[in-house]
Amino acid sequence: MPLGEDIDVFVGLDVAKGVHYAQVISSGGEDLFDRPVPNDEAAVRSLIGEAAGGGRVAVVVDQSASTAQLLLVVARDVGVPVAYVSGLQMRRAADLYAGQAKTDPRDAWVLADYARRNVDRLTWLEVTDELVTELRVLNGRDVDLAHDATRIINRCRDALVAVSPGVERVVGQRFSQAGIRDLLGRYPTPTLLRQAGKARIRRTIGRRSPRVADRVTTSLWDALDAQTVTLAGEATWGQVIAELVTDLDRIVQQRKTLAAQIEQLFLSHPLGKVLVTLTGFGPRTGARTLAEIGDPNRFANGGRLAAYAGFAPVDRRSGTSINSASRSRSGNHRLKNAMFIAAFVASRHDPAAKAYYQRKRGEGKSHNAAITCLARRRCDIILAMLKTATPYQPTLPKAA
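Going by this note's numbering, the sequence shown opens with residue -12, and the numbers climb by one from there.
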């Protein structure tokens, strides 16, 4: 019997850090009870035990992150399945019910009632193994650091424009190069750059970015010659730029250390060694994909995985004037981004993927649409590989 069809009682749980709110409904729609539930083991066990008086229990949550981890482990320990309703599903479901109130009791009730009416559309959660959990934590930290780096780069470029738009045009796209960060950390303003001179600028860049030292030095000196005035607040801006560059360099080093940890964990996982055999998946994209998929057996087929990731197309038909399919804006965006990047890499380096991509382009699809089609197609391959723990075996053309 498919998971969910034998459920007698649905426990809708509006998840929170300190106190959840539970609404318990029978499969026939009868409200059994509702109450706040502290986020601790004893309270969760008590809730499930009380709900079990009405029969086979399923818990339904609207969050699957850290705040729900204790709940997931306790539910698994007592043999109760846990279903997940995404934020988009939750918002759309809430619109179908009367009233505009946004309260914990109402959200919990909507979760429970939506689940009992749509058992076949629920995503059932599993408590993942230790390695996958560690990968998920490290991936989250890596994403946070990437966001911090982007914020700092944008702020630094804004500060550079305030002292010399020409200098910003030369180095603004090169913050990923260590030599440029070294240069701006020591000589962040046009005045300091002129005082350093071309030879010292070239040496500073060349220590960690030797390939671009000559080219950047020449372009930078031309930009300095083009601006003869000193803009207001240059010294203060220079202090800000130097501090921002120091912060950025620290974040870059943290991400390098984190990448080594992620790679080691990813390749130590049995399914990591499988996934990395498919073109496009390195330690970062592979670890993120593996962490977000979790247990591959919870997906019946590649179509379910594609829908979970947000690659399944959305049909739009009405009369004779509207007949099209558009890309989905829902799904797990972390998984979607990782699989999209992997498909993009494969479209350039894997012969079969490249041929499929070019065929879709020949049909008139845009670049992004063609990559999305390729990513959707690879969902079937990825799920089969993970379920059977079988490395990717490319289909070779038959000899003539």
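We put the beta carbon where it would ideally sit given N, CA and C, even for glycine.
The structure presented is a predicted model; accordingly, all values stated were derived computationally and were not measured.
Buried or exposed: which applies to residue 378, given that a residue is buried once 16 or more other Cβ atoms fall within 10 Å of its Cβ?
As a position in the sequence shown, residue 378 is number 391, starting the count at 1. Exposed: under 16 other Cβ atoms inside 10 Å.
Determine the direct distance from the alpha carbon of residue 175 to that of residue 339, and round the result to whole angstroms.
For this step, residue 339 is matched to residue 352 along the sequence shown. For this step, residue 175 is matched to residue 188 along the sequence shown. Their Cα atoms are separated by approximately 48 Å.
Could you have a look at residue 240 and say whether DSSP puts it in helix, strand or coil?
Here residue 240 refers to the residue found at position 253 of the sequence shown. It is helical.
With residue 71 as the anchor, note down where its beta strand (DSSP E) starts and where it stops.
As a first step, residue 71 is located in the sequence shown; it is residue number 84 there, counting from the start. 69 to 71 is the extent of the beta strand (DSSP E) around residue 71.
Would you say the beta carbon of residue 240 comes nearer than 7 Å to a heavy atom of the ligand SAM?
This structure does not include the ligand SAM; it has no bound ligands of any sort.
So is residue 134 buried or exposed if we call it buried at 16+ other beta carbons inside 10 Å?
To locate residue 134, count along the sequence shown from 1; it is residue 147. Exposed is the call here.
What is the DSSP secondary structure of residue 22, reduced to helix, strand or coil?
In the sequence shown, the residue the question calls residue 22 occupies position 35. It is a strand residue.
Starting from the C-beta of residue -7, find all residues in its chain whose C-beta is less than 8 Å away, skip the five residues before and the five after it, and write them out in chain order.
Numbered from its first residue, the sequence shown carries residue -7 at position 6. 43, listed in sequence order.
When you compare the stretch 9 to 18 with the stretch 85 to 104, are there three or more beta-carbon pairs, one atom per stretch, that lie closer than 8 Å?
Taking 8 Å as the limit for Cβ pairs, the verdict is that the stretch 85 to 104 does touch the stretch 9 to 18.
Rounded C-beta distance between residue 320 and residue 297? I'm assuming under 8 Å.
The count along the sequence shown starts at 1 and reaches residue 320 at position 333. The count along the sequence shown starts at 1 and reaches residue 297 at position 310. That belief holds up - the Cβ atoms of residue 320 and residue 297 are roughly 7 Å apart, short of 8 Å.
Note the first and the last residue of the continuous beta strand (DSSP E) segment covering residue 205.
Against the sequence shown, residue 205 aligns to sequence position 218. Per DSSP, residue 205 belongs to no beta strand (DSSP E); it is in the alpha helix (DSSP H), 200 to 213.
Suppose contacts are defined by Cβ-Cβ distances below 8 Å. Is residue -5 in contact with residue 41 by that definition?
Counting from one through the sequence shown, the residue named residue -5 turns up at place 8. Counting from one through the sequence shown, the residue named residue 41 turns up at place 54. Cβ atoms of residue -5 and residue 41: closer than 8 Å.
Measuring CB to CB, does residue 122 end up less than 8 Å from residue 274?
Position 135 of the sequence shown holds residue 122. Position 287 of the sequence shown holds residue 274. For residue 122 and residue 274, yes; Cβs fall inside 8 Å.
Given a threshold of 16 other Cβ atoms within 10 Å of its Cβ, counted over all protein chains shown, does residue 45 qualify as buried or as exposed?
In the sequence shown, residue 45 corresponds to position 58, counting from 1. Buried, since its Cβ has 16 or more Cβ neighbours within 10 Å.
Once DSSP output is grouped into helix, strand and coil, what is the label at residue 334?
The count along the sequence shown starts at 1 and reaches residue 334 at position 347. Helix, per DSSP.
In the DSSP assignment, find the unbroken alpha helix (DSSP H) run with residue 101 in it and report its ends.
Counting from 1 along the sequence shown, the entry for residue 101 is found at position 114. It spans 91 to 104 - the alpha helix (DSSP H) in which residue 101 sits, taken as one unbroken run.
Excluding the five sequence neighbours on either side, which residues of its own chain have a C-beta within less than 6 Å of the C-beta of residue 207, listed in chain order?
Indexing the sequence shown from 1 puts residue 207 at position 220. Cβ within range, chain order: 157.
Can you list, in chain order, the residues of its chain whose CB lies under 7 Å from that of residue 293, leaving out five sequence neighbours each side?
Start at 1 with the first residue of the sequence shown, and residue 293 comes out as number 306. Counting only Cβ-Cβ distances below 7 Å, and skipping sequence neighbours, we find 299, 363 and 366.
Exposed or buried, which one is residue 350 when buried takes at least 16 other CB atoms within 10 Å?
Here the question's residue 350 lines up with position 363 in the sequence shown. When all chains shown are included, residue 350 counts as exposed.
What residues in its chain sit with their C-beta under 6 Å from that of residue 149, if we drop five residues either side in the sequence?
Residue 149 sits at position 162 when you count from the first residue of the sequence shown. Closer than 6 Å at the Cβ level, and outside the excluded window around residue 149, lie 224.
CA-CA distance, residue 178 and residue 187?
By 1-based counting over the sequence shown, the position of residue 178 is 191. By 1-based counting over the sequence shown, the position of residue 187 is 200. The straight-line gap from Cα to Cα measures roughly 14 Å.
To the nearest whole angstrom, what separates the beta carbons of residue 6 and residue 26, a pair I think is in contact under 8 Å?
By one-based count along the sequence shown, residue 6 stands at place 19. By one-based count along the sequence shown, residue 26 stands at place 39. Right, their Cβ atoms sit about 6 Å apart.
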